[in-house]
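Chemist: Here it is, the structure in full.
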Amino acid sequence: MHPERKNIRLSSHDYNRPGYYFITVCTKEKKPILCRIVGTGVLDGPIMEYTKAGIISHRQLEAMTSFYEHIRLEKYVIMPNHIHLLIYVCAAENGPSRRPVPTDSAISRFIGTFKRFTNKDAGYALWQARSYDHVVRDEHDFQRIWKYIDDNPAKWAEDSLYCADDMSV
Numbered sequence: 003m004h005p006e007r008k009n010i011r012l013s014s015h016d017y018n019r020p021g022y023y024f025i026t027v028c029t030k031e032k033k034p035i036l037c038r039i040v041g042t043g044v045l046d047g048p049i050m051e052y053t054k055a056g057i058i059s060h061r062q063l064e065a066m067t068s069f070y071e072h073i074r075l076e077k078y079v080i081m082p083n084h085i086h087l088l089i090y091v092c093a094a095e096n097g098p099s100r101r102p103v104p105t106d107s108a109i110s111r112f113i114g115t116f117k118r119f120t121n122k123d124a125g126y127a128l129w130q131a132r133s134y135d136h137v138v139r140d141e142h143d144f145q146r147i148w149k150y151i152d153d154n155p156a157k158w159a160e161d162s163l164y165c166a167d168d169m170s171v
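Count along the sequence shown from 1, then add 2; that gives the number in our numbering.
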C-alpha cells in the first residue's frame, strides 16, 4: 500500500492554457544514472559526462517538439538524478483540462511520452512516477528559473536533489 500523495499542482490552473512551465523529472529512486560531473572547464563551468541513459534522455528531449508542435522546449539541463525543463505551451491542444489533477493536460502528455520513449530505449524504467511542476507567473519568475537551470550543474553539491553517493568525481 502506497502512502497518499499530496497534490502540489495549482488546483485553479488550466494546464492546457498557453504559458511557461518549469518541470523537474527525477530518476527512479533518485539514482544518479544520467550523468557525472567530472570536473570544471572554461571559466570554472562544470564538465558533464553523460551516461547511456543521459544520452537517450538528451536525444529524446531534442526530438520531442516533432511530436508536440504546440510545445516548445525553451531550456533544460540534465543532472545526475533529475532533469529540469522550461517548457512553453503555445496553444491548447484539445481545449481546457476538466480534471482537477491535469492528467490529460499538454504537459502531462509531453512528460508521459518523454518517459515512455526513454524507458523503451534504455530497456528499463528510468523515472519516478510523478514529476514536479511550477507555473511560471511573470517575467521575474521566468528569469529566476532560467538562471537556476544555467547554474544548476555548478551548484550540484548544494542542490536539494544532490546525493552523496553520486557518480561525480
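Don't be surprised by glycine CBs; every beta carbon is placed ideally from N, CA and C.
Return helix, strand or coil for M81, following the three-state DSSP convention.
Modeler: Reduced to three states, the DSSP call for M81 is coil.
Chemist: When we look at the beta-carbon of S162 and count the other beta-carbons within 10 Å, is it buried (16 or more) or exposed?
Modeler: That one is exposed.
Chemist: When the Cα atoms are used, what is the spatial distance from I57 to I35?
Modeler: Rounded to the nearest angstrom, the two C-alpha atoms are 11 Å apart.
Chemist: Using the C-alpha atoms, what's the distance from A93 back to Y23?
Modeler: Going by the C-alpha atoms only, they are around 13 Å apart.
Chemist: Under three-state DSSP, which class holds R214?
Modeler: This structure cannot settle anything about residue 214, because the visible part of the chain is limited to 3 through 171.
Chemist: For I10, count the other beta carbons within 10 Å of its own beta carbon; 16 or more makes it buried, fewer makes it exposed. Which is it?
Modeler: Annotation note: pLDDT 49 at I10 (below 50); position unreliable, coordinate value reported separately. By the neighbour-count rule (16 or more Cβ atoms within 10 Å), I10 is not buried but exposed.
Chemist: According to DSSP, R38 sits in a beta bridge with which residue or residues?
Modeler: According to DSSP, which records beta bridges pairwise, R38 is partnered with E51.
Chemist: With a threshold of 6 Å on Cβ separation, who are the neighbours of L87 within its own chain once the five nearest residues in sequence on each side are excluded?
Modeler: Hits under 6 Å: I25 and Y78.
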